[in-house]
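First the structure, in the form of C-alpha cells, and then the observations on it.
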Amino acid sequence: MVQKCIKIREYAKQAKKRLKSGYWNKVEVDRQKYIDKYYQEGDDVEQLNFMFQQIIAREINAVSKPRTKEDEFYKKVVKLLSENEYVLNPIMRLIDHDIYDNLSDVAKQNYIYELTDKYNEMKQRYEDEQKSKAVFNC
Numbered sequence: 001m002v003q004k005c006i007k008i009r010e011y012a013k014q015a016k017k018r019l020k021s022g023y024w025n026k027v028e029v030d031r032q033k034y035i036d037k038y039y040q041e042g043d044d045v046e047q048l049n050f051m052f053q054q055i056i057a058r059e060i061n062a063v064s065k066p067r068t069k070e071d072e073f074y075k076k077v078v079k080l081l082s083e084n085e086y087v088l089n090p091i092m093r094l095i096d097h098d099i100y101d102n103l104s105d106v107a108k109q110n111y112i113y114e115l116t117d118k119y120n121e122m123k124q125r126y127e128d129e130q131k132s133k134a135v136f137n138c
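Per the working numbering, numbering of the sequence shown is gapless, rising by one per residue and ending at 138.
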C-alpha cells in the first residue's frame, strides 16, 4: 500500500512538472505537424491520432523509468536522514571520494558548495514527502 502511494505521488509530480513546463502545448503542436505530414500521404486522421497517442505514451513511460544520478543521491540522503542517529556532518558522508580526492583545493571548495546546495534541496524534498505522508496517511 505504501509503495502504491509513493508511485502515485511520483506520477502526480511528473504530471505537474509536464503541465508547468508547457509540455502539452508542445505536444499539441507536434501532433498537428504529425497529422499534417501523414494526412497529405492519405492516412486516416483517427488512425494518426491513435498512433500519436501511442508515441506520447511511450515517451512519458520512458521518461519515468530510468534512474538518474539525482535519484541515487536522493536515496543516499533519505538513508542518512532516516537513521535514528544525529549526523553531525552529513556532507562528508555524501562526498564521492573518487571525484573529490582528485580535485584542486578551489575545485574541492566548489564541490562542497554544490553538494551542500544539492543536499539542502534533497532534504527539503524528503521533509515535504514526510509531511505529505502524515497528511495522506500513506
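Glycine included, every Cβ here is placed at the ideal spot set by N, Cα and C.
Contact between V77 and Y126 is confirmed by a C-beta separation of about 6 Å, below the 8 Å threshold. The C-beta separation of I35 from V45 comes to about 6 Å, placing the pair in contact by the 8 Å criterion. Looking only at I112, I56, E85 and N49, the smallest Cα-Cα distance to I95 is reached by I112. In the three-state reduction of the DSSP assignment, L103 falls in the coil class, being assigned neither a helical nor a strand state. The beta carbon of L103 lies closer than 8 Å to those of Y111 in the same chain, with the five residues before and after it left out. Pairing F50 with D43, the inter-Cα distance amounts to about 12 Å. In the structure shown, Y111 adopts helical secondary structure according to DSSP, grouped into three states.
Put simply, the backbone Cα of K79 is about 46 Å away from that of Q32. Counting other Cβ atoms within 10 Å of its Cβ, M92 stays below 16 and is therefore classed as exposed. In the assembly as shown, L115 is a buried residue. Its beta-carbon has 16 or more other beta-carbons within 10 Å.
In this structure Y119 is buried. Its beta-carbon is surrounded by 16 or more other beta-carbon atoms within 10 angstroms.
Secondary structure note for D44: it is in no alpha helix (DSSP H), with a DSSP letter that is neither H nor E.
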